[in-house]
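Report on one structure; see the data block that follows.
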Amino acid sequence: TQVNLLLLLSVYALWGFVRRNALGRKWLVLAGTAAGLMLLTRYDAVIFLPALSAFLLVFRLRHREARPALGDVLIFGAAVLPWMAAILVWNDLRFGSPFLTGLKEQTFGEPFLSGLLGLLVSPGKGIVWYVPLIFLLPWCVRGFYRRAPYFAALSLVLTVLPLAFYSNVVFWHGDPAWGPRYLYTAVPYLVLPLGEILTTWMRRARALRLTLLLLVVSSFLVQLSAITVTPWRFWYRIEAIEQRTRQPFHWGARRYHYYWDVRQSPLLIQPDNVYQVIRLKLGEKRYELRVHPGPPGVSNPADKYPINAFAFWWLDPRHPIFGSRTRGGLAALLGFIAISSLLFVVLELRKKGEHGGVTATTSVSG
Numbered sequence: 225t226q227v228n229l230l231l232l233l234s235v236y237a238l239w240g241f242v243r244r245n246a247l248g249r250k251w252l253v254l255a256g257t258a259a260g261l262m263l264l265t266r267y268d269a270v271i272f273l274p275a276l277s278a279f280l281l282v283f284r285l286r287h288r289e290a291r292p293a294l295g296d297v298l299i300f301g302a303a304v305l306p307w308m309a310a311i312l313v314w315n316d317l318r319f320g321s322p323f324l325t326g327l328k329e330q331t332f333g334e335p336f337l338s339g340l341l342g343l344l345v346s347p348g349k350g351i352v353w354y355v356p357l358i359f360l361l362p363w364c365v366r367g368f369y370r371r372a373p374y375f376a377a378l379s380l381v382l383t384v385l386p387l388a389f390y391s392n393v394v395f396w397h398g399d400p401a402w403g404p405r406y407l408y409t410a411v412p413y414l415v416l417p418l419g420e421i422l423t424t425w426m427r428r429a430r431a432l433r434l435t436l437l438l439l440v441v442s443s444f445l446v447q448l449s450a451i452t453v454t455p456w457r458f459w460y461r462i463e464a465i466e467q468r469t470r471q472p473f474h475w476g477a478r479r480y481h482y483y484w485d486v487r488q489s490p491l492l493i494q495p496d497n498v499y500q501v502i503r504l505k506l507g508e509k510r511y512e513l514r515v516h517p518g519p520p521g522v523s524n525p526a527d528k529y530p531i532n533a534f535a536f537w538w539l540d541p542r543h544p545i546f547g548s549r550t551r552g553g554l555a556a557l558l559g560f561i562a563i564s565s566l567l568f569v570v571l572e573l574r575k576k577g578e579h580g581g582v583t584a585t586t587s588v589s590g
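Okay, so the sequence shown: first residue is 225 according to my numbering, each after it adds one.
Here you go:
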């Protein structure tokens, strides 16, 4: 998402500032601008601002530089301020008050433990199932902290913040959506430490290396199933199941109840959706979803989404901005970047194998 990209850019700029021993405050301007645009995109991204500011303060204070610390935070805040002011003006023009956001429904009130477990381990939304690579973190965290203690601490905070915040939100699941979408911002900081396995690849146990490869493939297949067929086909099937069991389906944050039913997990149904669409393309019409599963007034995804076809975004004719050639070009570019990155990793692993691996280094600046 845009918030994920802008937060990552802000973190990258702050890290660039720290890595250069706090020289070049232009990095702070870039970090603040990215953070401000992040707020302009989603107001609830404000939860990350204290963590970004604290990162600067802790770095300076650990080096006994109290006065420059205040200047750093002021520069960062000054870059954020125009975008925050724009949000307040927009709210005032649209809703009659700078502090109204247009939300009509109750936001908080979900039992914390219920939301926390739902986001972490529920069959329907648990992030550990949508990003299986997370299971390797115990083998990486210590080396990652030794290599970059400040950045490791920031990564931990940026992971815990959305988890703690949204666990108490009524619509913690973010539905209708694929996976725990409110935790998307945490994914980069959960994956980055895994690089520690690659730095000592040849010295790792064979079982761990094999596990890494299996989890990489699993994570890839999970994401591939999500982009091959629209997840809205899953929602259509959930509606149909509800109707067959005489439990009319209703949209609403408190009305979904598939999260702890393994049989209704999107991670199981979505691969079957891919299979059904493939069979449908081969001529088996019994897999075509056409009949509205519920009474009039119940949302029907079939009206707006291509649930009976492949849904690769670069082939989607409904895209409002780019033409088909532009989308195809973007897809080719992203594919080239992915393949190039994979080749780079393979070459680095071979190089490290020839030299017996490398050990993690400790950075003074984190």
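We treat Cβ as the ideally placed atom computed from N, Cα and C, and that holds for glycine. As the structure is a computational prediction, the values presented were derived from the model and not from experiment.
Item to check | Buried versus exposed, by CB contacts within 10 Å (16 or more), ARG366 | outcome: Flag for ARG366 reads exposed.
Checklist entry - Would SER379 be called buried (16 or more neighbouring beta carbons within 10 Å of its own) or exposed? => result Burial call: buried.
Item to check | Alpha-carbon spacing of LEU317 relative to LEU324, whole angstroms | outcome: Straight-line Cα distance between these residues: approximately 10 angstroms.
Item to check | Exposure of GLY462, with buried meaning 16 or more beta-carbon neighbours within 10 Å | outcome: Reading off the sequence shown, one finds Ile at residue 462, where the question assumed Gly. Residue environment: ILE462 is assigned as buried (16 or more neighbouring CB atoms within 10 Å of its CB, all protein chains considered).
Checklist entry - Can you list, in chain order, the residues of its chain whose CB lies under 7 angstroms from that of LEU557, leaving out five sequence neighbours each side? => result Counting only Cβ-Cβ distances below 7 angstroms, and skipping sequence neighbours, we find nothing.
Item to check | Contiguous beta strand (DSSP E) assignments of at least 3 residues, all confined to the segment 329-417 | outcome: List check, beta strand (DSSP E) in window: nothing returned.
Checklist entry - From VAL501 to TYR408, what does the alpha carbon distance come to, in whole angstroms? => result Straight across, the Cα-Cα distance linking VAL501 with TYR408 is about 27 angstroms.
Item to check | Assigned exposure category for PRO335 - 16 Cβ within 10 Å defines buried | outcome: Exposed, by the Cβ-count rule.
Item to check | Integer-rounded CB distance, given that THR454 should sit under 8 angstroms from TYR529 | outcome: That belief holds up - the Cβ atoms of TYR529 and THR454 are roughly 5 angstroms apart, short of 8 angstroms.
Checklist entry - Would you report the Cα separation of GLY333 and ARG291, rounded to the nearest angstrom? => result About 41 angstroms.
Next on the checklist: Judging by CA-CA distance, which residue of GLY240, ARG510, ILE451 and GLN494 is the nearest neighbour of ALA255?
Outcome noted: The shortest C-alpha separation from ALA255 is found at GLY240.
Item to check | Collapsed DSSP secondary structure at PRO490 in the structure displayed | outcome: In this structure, PRO490 counts as helix in the three-state DSSP scheme.
Item to check | Inter-residue Cα distance where the pair is TYR480 and GLY398 | outcome: Using only the alpha carbons, I get a separation of about 11 angstroms.
Checklist entry - Can you tell which of ASN315, LEU382 and LEU387 has the C-alpha that lies nearest to the C-alpha of LYS349? => result Minimum Cα distance to LYS349 is reached at LEU387.
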